[in-house]
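J.:
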Amino acid sequence: MSLNKKELEYNQHHYAILAYKHYRAAARELKAIADEKKSVELEICMARSLYQAGDCCRLEAQIYAIIGIFLLVTSDKTCFTQEQFEKIENLRQEICCIRTVLSAASLNISANKSMLHQAVMDYRKGSITVQQFQNALLSELRFIIFNEYSHSDISEIEASTRVTNISSSFGIGISYLVGDILLKHEFHHENQTNTEKSKIRERINKIMKDALDHYIKGQYVAFLHSLTVFYAETKILIGIKEYRSDDNHKISLDIRPRQIIKELLYYEFSSEGIANFLVLIGEVLLSAPQLKPKNNLTTNICLELPKYSDFTHFATLVFDEILKNTQLIEAANNFDSKITSTTLCVKPDQCGQVEKSLLNNAFSVSNTYTVEKSIISAVVRLKEVKLVAKINYAIAKLISGGIENLQESANMIKGIKEELAKDLIEEKMYVISEIRLQALIDILAAFGFNDDTLSINNEVIFFKQIIPQLESNNYIKIIDKVLIDDGKVSHCEPAILFDDDNDDIDEFALLDQVLDGMLRLDKTKFVRDVRNNYYKNVEPLKSFITDIITREHLADIKAWKTSFLKEKYSLTFQYLPILSVMYNLIFIACIIEFHREHKLIFVPNKKVLDFSNGAAKTSIYVLTETKSDRNNIRTINGIFVTSKVSLNYIYNQLELANDPKIKVDLLNQIADYYRHEAEKIDKNHHLESLKIWIRALKFYNDVLAINRNHLPAMLGHVTCLIKLSKYTLAEKFLIENTERKAYFRDSPERWFLLGVLKRKLQNYDEAKNAMENALKLKTNYIEAKHELDLILRLKKETVAKRMQIYKNMTLIHAEPRSSQYNILSIDGGGIRGLIPAMWMSELERRTGMNSSSMFHMMAGTSTGAIVAASLSLPTRFGIRQPRYKAANIVELYTCHSEKVFTRASKLPSLFGFWPIYRAEEKKALFDEYFGNTRLSQALTELIITTVNSGSSTTELFRRSESLIDPGKDYTFTDMLMCTTAAPTYFPPYNLNNSIFVDGGVQANNPTMIAYSTCPKNIDRNDIFVLSLGTGDYVPDPLNPNAERNLLFWTINNSNVLKVIFDGPQNNIDYQLSNMLDSDKYHRWQIWLENPIILDDVRKETLDHLMELTHAHFEEMDTADSKNRLGKLIERLKDT
1 MSLNKKELEY NQHHYAILAY KHYRAAAREL KAIADEKKSV ELEICMARSL YQAGDCCRLE
61 AQIYAIIGIF LLVTSDKTCF TQEQFEKIEN LRQEICCIRT VLSAASLNIS ANKSMLHQAV
121 MDYRKGSITV QQFQNALLSE LRFIIFNEYS HSDISEIEAS TRVTNISSSF GIGISYLVGD
181 ILLKHEFHHE NQTNTEKSKI RERINKIMKD ALDHYIKGQY VAFLHSLTVF YAETKILIGI
241 KEYRSDDNHK ISLDIRPRQI IKELLYYEFS SEGIANFLVL IGEVLLSAPQ LKPKNNLTTN
301 ICLELPKYSD FTHFATLVFD EILKNTQLIE AANNFDSKIT STTLCVKPDQ CGQVEKSLLN
361 NAFSVSNTYT VEKSIISAVV RLKEVKLVAK INYAIAKLIS GGIENLQESA NMIKGIKEEL
421 AKDLIEEKMY VISEIRLQAL IDILAAFGFN DDTLSINNEV IFFKQIIPQL ESNNYIKIID
481 KVLIDDGKVS HCEPAILFDD DNDDIDEFAL LDQVLDGMLR LDKTKFVRDV RNNYYKNVEP
541 LKSFITDIIT REHLADIKAW KTSFLKEKYS LTFQYLPILS VMYNLIFIAC IIEFHREHKL
601 IFVPNKKVLD FSNGAAKTSI YVLTETKSDR NNIRTINGIF VTSKVSLNYI YNQLELANDP
661 KIKVDLLNQI ADYYRHEAEK IDKNHHLESL KIWIRALKFY NDVLAINRNH LPAMLGHVTC
721 LIKLSKYTLA EKFLIENTER KAYFRDSPER WFLLGVLKRK LQNYDEAKNA MENALKLKTN
781 YIEAKHELDL ILRLKKETVA KRMQIYKNMT LIHAEPRSSQ YNILSIDGGG IRGLIPAMWM
841 SELERRTGMN SSSMFHMMAG TSTGAIVAAS LSLPTRFGIR QPRYKAANIV ELYTCHSEKV
901 FTRASKLPSL FGFWPIYRAE EKKALFDEYF GNTRLSQALT ELIITTVNSG SSTTELFRRS
961 ESLIDPGKDY TFTDMLMCTT AAPTYFPPYN LNNSIFVDGG VQANNPTMIA YSTCPKNIDR
1021 NDIFVLSLGT GDYVPDPLNP NAERNLLFWT INNSNVLKVI FDGPQNNIDY QLSNMLDSDK
1081 YHRWQIWLEN PIILDDVRKE TLDHLMELTH AHFEEMDTAD SKNRLGKLIE RLKDT
């Protein structure tokens, strides 16, 4: 089975962390032998591994990149190379994504991008000390550390959420994060009535909700300003003071954490909520947001903002107060005592309501958070928030630099480790990541602050529950993890609970629901099956039921039946062995416990009931009471499985089956299962679906090996071949079996598949005949009607007729609106650039608009760059009208492609191979089509990718950069010569003394590059992406990337391999389809039965490509059941 998105992400994270741990272990061993060069390489490996682990580890990845730079630069001179430094620095910038909201001014450092390079050079020259170089590195860390990454790991529910945004992670009501800061210390609480107190609390809640909204969005200036609103007379939350004297205007902060705690405790906020709110403030302060005056200043006024040291001072003051304040501890102890004393006085079935009322106070909180607080004491919750504060305090001291600060940071980290080592087995709500501690320890060690404290044990740890009698079903429904046999934590399906409040419950039907209805089981069927097996003397079932009859003092099996059917809750633990015997099931009893890393999870209690006869195991987890019952009559609270079990169950039955007819039926069910799974993802993730289609094909073949006349398997076999683009094999199968099997020949489904196949092979007359026969045999065959409409449309609207329309149509040009942002991205692919050119011609026809009117940005690689550049080319300088329609680009490929591919004599190349074709004819054609037009004149934002062969890095030609830097305002011809210099086909291109090769070497699909370079002021919700492929071929579905180089270039030359990027381009499609809504991201691609190489310019190939493209668009239109294509066209019209 293929993995779903969640499982893929989990596996990527798991194995990346595993790689990191191995690299770190190796790095620690290398310290003993002082191998500096290998140590640097391992730091790079650790950084890259953590980067691959996901956003939750980016801070650590950044730290290890910094360590690598430090070790490289401060090592022996023979170890340092400029190439190695640039390698680490490029990785560091890749990890950072070069996104930051910190102002350079507030950090008192230059905004020059070469600051770190300068520090490196200065240290190598001896101009600065080691401590100064450390401070330079830590200054780089300031730019990203508090703007992009979290500071501790929390629940996996939202691992990417910033650590102190605990409200988001656990659904805590806003009231548990709010607080106030009094700048005027006027306390008159004695005279306040409860009503006044409640009103003030509500005002605080409102202010804090606005603040938290800003915090979640990363709007830290707005966060601080929102807390300056008065919530009571003379009382505000924080002070942002402005002073004006002569020509100076000064802004300063006034933050008093001790006053916050005192005041919030009076207003009955929880102690850990207050501490958590203070952590939020501390984080915002460490981000050093650039404050602005309330009113605009004239140009002659000098504005003085708080320095970074001011922000750091207040942040450390806040963290320090969290750690030292005794009032918070007293309040937490009082709260725990109040819960304990109150719940002891009530009945068990009333505990939940009492506890909820105690926790809510005057506030509204979610059930999830209520459950968390019911299990973990307030003292422990406060203690854990303090751990977060300690981590933040240590990081604050680290990035402040200086020997004293680094020593304080090291001491704090050491204290955290010791505290965790003493306190492993304890109930927890959030987790401090061991990896985060390791990263901080390692960077401090690199700077000379070694720590000999033993590392924290990383074994699986569970935590005690303080108030078990308050457990309810609220939190069971959100648990999605179970501890499996090898000690790992696995994902599981949501538990199906046996609800006590439901009088109509049939627990046996719910069990069948977990099994996806495979047993067709209910209470009545269970009784019938028990009686049948009892009378057949099936053991050990008869012994089990006899024990129950004796234990319940019943006369016989009939009396048991009557008694059993009368009982409301009859599925108790004692019946699980009977179910295991009859239905080949395995039951694993489990309870709910706290796990150190994953919070609440299901944990097996080693009670496994397995009386099945099959070797293949179908396991069902059973939630039961923690106390044992020797009679096994305790109730079952619910059931769940680790994954959908229908397939496992069928496999189990298949293993037991001896009858060939039963085997055929089961094999066909398995094949149908894989077929349906493949259909689910085929449109969005075709490469992933291929592996599943081939699996379905295997099982259909297994069926046919037993019964070659099995009609469903025959039809399934052909369907899989068509989906795998194996049209010739599918046609052969249909012909061979039609001749000797009348029932197959007369099947409407067979005629339908034949029609689809003939249409794919562009034989429209035979396709039409086949589809008409399908409809004669099955008049209400909806799919056949749609397919026939498509075939008739393709027969009527030929490519030649459509091309004539394209040439003669008049298009409208208008500047795209700024209310949305449309991106067009086009892959590389040589002559197959004809495909996107045809698609764009059809879009222009349907919208009546030029392409440059529909898109704000166009991006292209290699041949895709030719199409994108042509569509954004102006008529002439100063005239913002497009020179070409997409139809003109189609003519470029059909009429002039032979000029491009002119054979060359063997000339030496930088890469060591002989280019097949000359570059002169290609350049002459570009000069003819594009003239002297420069990048700055493009009608849209234009991005063209290429690869610098010297550094083996992808470089971008961008219109936005050319408008700023005239040195980057290249001609269209030069850019296209760079991006189309395909290795082995054309020689590299020299531009400004740099050698460039085809952009497809590293970024054949430039969609992610285009998306990531969108202007930062564009709301991501307003972005739309159309990504056009140029045809793809997958010879081996089980290894989709094998031999796909035939579409691009030969890969036998080892020098070329050195610059080929190590990640499959189709991952981009997978990533973007998950990042953007389905209506905001469209990927169009044609899957070829046989490869079409870059330089196949034969007329029959060109005609074939045009027909494929025309048919593909019409097929999309016919299958547009969700109106995705229609919405796309309407959006482009409205641009």
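The opening residue of the sequence shown carries number 1 in the UniProt record's numbering; numbering runs sequentially from there. Quick reminder that beta carbons are idealized off the backbone N, C-alpha and C, glycines included. Quick caveat: nothing in here was measured; it's all calculated off a predicted structure.
Where do the N-terminal and C-terminal ends of the alpha helix (DSSP H) with ARG92 fall, by residue?
T.: 82-96
J.: Does the separation of the CB atoms of SER962 and SER936 fall below 9 Å?
T.: yes
J.: Answer with buried or exposed for GLN134, where buried requires no fewer than 16 other C-beta atoms within 10 angstroms of its C-beta.
T.: buried
J.: What's the C-alpha gap between LEU734 and ARG750?
T.: Their Cα atoms are separated by approximately 8 Å.
J.: Among the candidates TYR764, LEU754, PHE311 and PHE587, whose CA atom is the shortest distance from the CA of ALA774?
T.: Selected option, being the one with the closest Cα: LEU754.
J.: What would DSSP say about HIS491, mapped onto helix, strand or coil?
T.: strand
J.: Could you give the residue range of the alpha helix (DSSP H) that holds PHE319?
T.: 308-324
J.: Drop a sphere of 10 angstroms on the beta-carbon of PHE996, count the other beta-carbons inside from all chains shown, and report buried for 16 or more, exposed for fewer.
T.: Looking at its Cβ environment, which holds 16 or more other Cβ atoms inside 10 Å, PHE996 is buried.
J.: Between ASN296 and ASN248, what straight-line distance do the alpha-carbon atoms span, to the nearest angstrom?
T.: 13 Å
J.: Output the boundary residues of the alpha helix (DSSP H) element that contains GLY218.
T.: Careful: GLY218 lies outside any alpha helix (DSSP H) and carries neither H nor E.
J.: Does the beta-carbon of THR81 have 16 or more other beta-carbons within 10 angstroms, so that it is buried, or is it exposed?
T.: Here THR81 is exposed, its C-beta having fewer than 16 other C-beta atoms within 10 Å.
J.: Let me check one thing: in DSSP terms, what residues is LYS235 bridge-paired to?
T.: ALA232
J.: Measuring alpha carbon to alpha carbon, tell me which of PRO987, ALA211 and ILE831 ends up nearest GLU891.
T.: Nearest to GLU891 by alpha-carbon distance, out of PRO987, ALA211 and ILE831, is ILE831.
J.: Residues bridged to MET849 by DSSP?
T.: ILE812
J.: Can you tell me the Cα-Cα spacing of ASN405 and LYS397, whole angstroms?
T.: 5 Å
J.: Could you name the residues of the same chain whose beta carbon sits closer than 6 Å to that of LEU1132, not counting the 5 residues immediately before and after it, in chain order?
T.: Correct list, in chain order: THR847 and MET854.
J.: Measure the Cβ-Cβ separation of ALA1010 and ALA869 and say whether it is below 9 Å.
T.: no
J.: So VAL318 and LEU278 are in contact, right, with Cβ under 8 Å, and what is the actual spacing, rounded?
T.: 5 Å
J.: Measuring only the C-alpha atoms, how far is SER270 from ASN205?
T.: 13 Å
J.: Would you identify the three-state DSSP class for PHE335, choosing helix, strand or coil?
T.: helix
J.: Name, in chain order, the residues that DSSP records as bridge partners for ILE1023.
T.: Bridge partners of ILE1023: TYR821.
J.: When we look at the beta-carbon of GLU797 and count the other beta-carbons within 10 Å, is it buried (16 or more) or exposed?
T.: exposed
J.: For the candidate residues GLN407, GLY239, ASN411 and THR572, whose alpha-carbon lies nearest to that of GLN131?
T.: GLN407
J.: Go through the stretch 220-294 residue by residue and report every complete run of the alpha helix (DSSP H) that reaches 4 residues or more, in order.
T.: 220-226, 257-266 and 271-286
J.: To the nearest angstrom, how far is it from the Cα of LEU757 to the Cα of ARG528?
T.: 50 Å
J.: Got a sec, what are the start and stop residues for the beta strand (DSSP E) ALA859 sits in?
T.: 857-861
J.: Quick check: what's the CA-CA separation for GLU263 versus GLU1130?
T.: It is roughly 56 Å from the alpha-carbon of GLU263 to the alpha-carbon of GLU1130.
J.: Name the two residues that bound the continuous alpha helix (DSSP H) containing residue 1142.
T.: Here the chain has residues from 1 to 1135 only, and residue 1142 is not among them.
J.: Output the boundary residues of the alpha helix (DSSP H) element that contains LYS542.
T.: Element bounds for LYS542: 541-551.
J.: Counting along the chain, where does the beta strand (DSSP E) carrying GLY931 start and finish?
T.: Careful: GLY931 lies outside any beta strand (DSSP E) and carries neither H nor E.
J.: Rank ALA705, LEU711, PRO748 and GLU679 by C-alpha distance to the C-alpha of ILE722 and give the top, closest one.
T.: GLU679
J.: Alpha carbon to alpha carbon, how far is ASP320 from ARG124? Give it in angstroms, no decimals.
T.: Between the alpha carbons of ARG124 and ASP320 lies a distance of about 38 Å.
J.: In the structure shown, what three-state DSSP assignment does SER168 receive?
T.: No answer about SER168 holds up, because its pLDDT of 27 lies below 50 and its placement is not dependable.
J.: Going by other Cβ atoms of all chains shown within 10 Å of its Cβ, with 16 needed for buried, is HIS676 buried or exposed?
T.: exposed
J.: Evaluate LEU1128 with the Cβ neighbour count: other Cβ atoms within 10 Å of its Cβ, from every protein chain shown; 16 or more gives buried, anything less gives exposed.
T.: buried
J.: Go through its chain and collect everything with a Cβ distance to ASN165's Cβ below 6 Å, but skip five positions before and after it.
T.: At ASN165, the pLDDT of 31 sits below 50, so the modelled position is not reliable; the number obtained from the coordinates is stated separately. Hits under 6 Å: none found.
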